[in-house]
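Residue numbers (the numbering used here): 1 to 213.
Pasting the structure below:
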């Protein structure tokens, strides 16, 4: 039920203007890893209902036509909100996250039709082994997911972020850039850490990217 609620919330973000900020959506998903499932599911459904109403009436967190960004890359663990803050303070809006603190967490449900314990365990294992993380190779499915989400959410550009020394995502950034640009979608790769020391540099790069797209 929690993943279904997150799917419902995610669908509202295809609206223009976006009914919820990327930062608020990220906080919601981060809470899903820690909060009581039943309580959180109820809260997410209430939030999704509000976002559906906002989308239907054209109410958004940014003006219509604000630059829409899809985030992909390393997971954004609490309290790593730096990049989303910068993007949205620069006038953009994050409308989707292709990462483990994003769509990978909720996009696929575990089939519930298993008749035996073995079938149920197999279904759980299959679900978790079908997560397109950079630890798997080759990882064409991740690139396909990014391009599919970019089209579904009507994004203007993709920002691919690697946490410093996360070699797997750094390596995949080259093939990701090639695939995304081949699909005609602007792309930028960022490498950062948990500190605030590079905020000025990131702000300059993000502002330039948003102007370019």
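Built from N, CA and C at the ideal position, the CB exists for glycine as well.
Everything numeric in this text was worked out from a predicted model, so none of it was measured.
DSSP three-state call for residue 168: helix, strand or coil?
helix
Spatial neighbours of residue 8 within its chain, please: C-beta separation below 6 Å, excluding the five flanking residues on both sides.
48
Grab me the residues of residue 25's own chain with a C-beta within less than 6 Å of its C-beta, minus the 5 sequence neighbours each way, in chain order.
none
How long is the line joining the alpha carbons of residue 155 and residue 176, rounded to whole angstroms?
16 Å
Helix, strand or coil, according to DSSP, for residue 51 in the structure here?
helix
Could you tell me the boundaries of the beta strand (DSSP E) in which residue 10 lies?
Looking at the DSSP string, residue 10 is not in any beta strand (DSSP E); the run it does join, the alpha helix (DSSP H), is 2–12.
Out of 98, 124, 61 and 119, point me to the one whose CA is closest to residue 149's CA.
98
Can you give me the Cβ contacts of residue 110 inside the same chain, cut-off strictly under 7 Å, excluding the 5 residues immediately before and after it?
123, 124 and 127
Out of 213, 212 and 207, point me to the one whose CA is closest to residue 86's CA.
207
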